[in-house]
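Each residue of the sequence shown is one higher than the one before, starting from -10 at the first, in this note's numbering.
Beta carbons are placed, not taken as given, at the ideal position from N, Cα and C, and that holds for glycine.
What follows is a set of notes on a single structure, which appears directly below.
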Amino acid sequence: MADTTDTAGTAPGSGARDGGGRAPGGGRPAAGHGGNGGNGGDGRAGSGVGAPAAGGDGHGGVGRAAGADGGGAAAGGGGGRPAERGGAPAGPPAMRRAGWRYIGPGIVVAATGVGAGDLVATLVAGGKYGYTLLWAAVLGCLIKISLAEAAGRWHLATGRTLLDGWRSLGAWTTVYFAGYVGVWGFVYGAAAMSSTALPLAALFPGVMGLKWWAVLCGVGGLLFVWFNRYAVFEKVMTALVGVMFLVTVYLAVRVGPRLDDLAAGLVPALPDGSLLYTLGLVGGVGGTITLAAYGYWVNAKGWRDTGWMRVMRFDNRVAYLTTGVFVVAMLVVGAELLHSSGIAVAKGDRGLIDLGGVLAERYGTATAKLFLVGFFAASVTSLIGVWQGVSLLFADFVARVRGREGASAAPEAAQAPGGPAGAGAPVPAGEGAGAAGAAGADAVPVERSVPFRAYLLWLTFPPMSLLFLDQPFALVVVYGVIGAFFMPFLALTLLWLLNSGRTPRAWRNGWLANTMLGAAGVLFLVLCVEQVRDLPW
């Protein structure tokens, strides 16, 4: 509890000068005037990491303190506790009402997680088993809702990033993440560029070879993320999701679903030989490292304290319900177009090219080309989503390895006051509340930071070598092993963090969250073992 005596002392720390007290250094903040908090003065920024200065009739955000008249603000270097008012802790921020106008980060994470490979997996499952595995696809969406909600809740409830939480579990998490993000980014970069190039090569045959389309897609994604901030990125992703939604729903309606069979597919059943397909539908669709990026996108939207919790949950549910529509629509297409006719398509992204040929024969060229546009939207959202989201994770990782508190110490405009602040997630201009602190005003926004841009380059140019060469055998094995462990790692560490003292008691897991995260952890462990067994040892 801060001292509220009416003295003007100086103490080292990341604090503010309230009346006569100034905090220049790296320890505890100076205590300000008691009573009504005085005038608040003109706050000065300290260089350390601590709580804002006590006193004042204002509020504290990320290393901020405001005086009674709102005239002074000071910015610290990281995530301190909110300022105290009159010697008593500030109350929790007011809960904001959820609404459609806030939707954004959830759409981004869902669109990034659902790529062409996920659509093919659903299509193949529908072609092989009809509507029987529909329940598994729906269950998979519910599990992804739980995982993304847990990541967002951690950021809002603790004011710390997920990387910060992982580091608190031990050095082993840093070692694993470093290996994962390096190898995964190298191999995934080539896969994402190839996937995005496939529909373009089919839409514009003879213009250039597939590999050069892939190079163009990679460079295009790099330039888009390099020169745009979160607000533009979100709008483009939302527009592309709209295209995906319209195309997949149109195709499902066009092939004519049998509603009685569709309803029957919601009853859990396992046909002979369907176990791995079922596990893949539950665990695979929408499940990637970008689930871990959801909390960063939540902060980037300007949601920075528990007052945004209801909004975040609504955003997340709407997004994954939209994902559910994609999955159900592709399952319908597989069941009606492939299963009923006994047609098989290739596994992997080329299966969608095969489907385009089937659609052209059955419904004409226009429908086939419309499908290819939807295929491109699904692929390019995964590409630019990873380019942006995983680069945010990497920038935060580098900052913490270097011993700093946040990857994005400088938002574009402001740090939002009124609750625990994230350890430095970016706030795009116009999203966060309040004025920029003195420290944040001069720092580099995360999207312009060297680590963010270095990882963008890593995702783009080194993987191009894999487009022109066969993937090295050893690299494929390492990628498969490291990648297989990520989803169980995410589920189980979230379960750990959100049941520990690192999370405020009011926001720890309840029985439902523990059940869903526990089930996700077990499911992903089983999938992990199967993936490792299937590698070309």
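Non-local C-beta neighbours of A114 in its own chain, meaning closer than 7 Å and more than five positions away in sequence, comprise L122, Y266, L270, L320, G323, ordered along the chain. G207: member of the alpha helix (DSSP H) spanning 199 to 216, first to last residue. L255 has its alpha-carbon roughly 13 Å from the corresponding atom of Y118. Here R85 has G296, W297, R299, V300 as same chain residues with Cβ atoms under 7 Å from its own Cβ, once five neighbours each way along the sequence are excluded. Where I132 is concerned, the enclosing alpha helix (DSSP H) starts and stops at 123 to 147. Of T163, V97, L145, the smallest CA-CA separation from L152 is found for T163.
Sequence-distant partners of M197 (beyond 5 residues in either direction) whose C-beta falls short of 7 Å from its own C-beta are missing from its chain. Unbroken alpha helix (DSSP H) stretches of 4 residues or longer found wholly inside the stretch 441 to 500: 453 to 457, 462 to 473, 475 to 486, given in chain order. Within its own chain, the residues whose Cβ lies closer than 7 Å to the Cβ of V98, once the five positions on either side in sequence are excluded, are A137, T279, L280, A282, Y283, W286, A308, listed in chain order. Taking the C-beta atoms as reference points, L448 is found nearer than 8 Å to G178. Of G148, A105, G195, Q377, the smallest CA-CA separation from V221 is found for Q377. Residues R243 of the same chain have their beta carbon placed closer than 8 Å to that of Y352, with the five preceding and five following residues left out of the count.
Contact check for L341 against A105 passes: the beta carbons are separated by less than 8 Å. In the structure shown, the three-state DSSP call for L255 is coil.
Burial is judged here by how many other beta carbons sit within 10 angstroms of a residue's own beta carbon; P525 has fewer than 16 and is exposed. M182 sits in a helix when the DSSP states are folded into three classes. F513 is the residue among Q520, V518, A384, F513 whose C-alpha sits nearest the C-alpha of K133.
In this chain, the alpha helix (DSSP H) harbouring A355 covers 354 to 390.
DSSP places F193 outside any alpha helix (DSSP H), giving it a letter other than H or E. Shown here, Y120 sits in coil according to DSSP, grouped into three states, outside any helix or strand.
The Cβ atoms of V208 and L445 do not sit closer than 8 Å to each other. In the structure shown, A87 falls within a coil segment according to DSSP collapsed to helix, strand and coil. Nearest neighbour of V435 by Cα position, chosen from F216, T101, G174, turns out to be F216. Burial check for E350: the Cβ neighbour count within 10 Å stays below 16, so the residue is exposed.
Counting only residues of its own chain and dropping the five nearest sequence neighbours on each side, F475 has a CB closer than 7 Å to the CB of Y169, I278.
Straight across, the Cα-Cα distance linking L486 with G148 is about 13 Å.
In the DSSP assignment, W155 falls within the unbroken alpha helix (DSSP H) covering 151 to 157. Your pair R156 and R389 checks out as a contact, with CB atoms roughly 6 Å apart and the cut at 8 Å.
A check of alpha carbon separations from L229 across G159, F303, A367 identifies A367 as the nearest.
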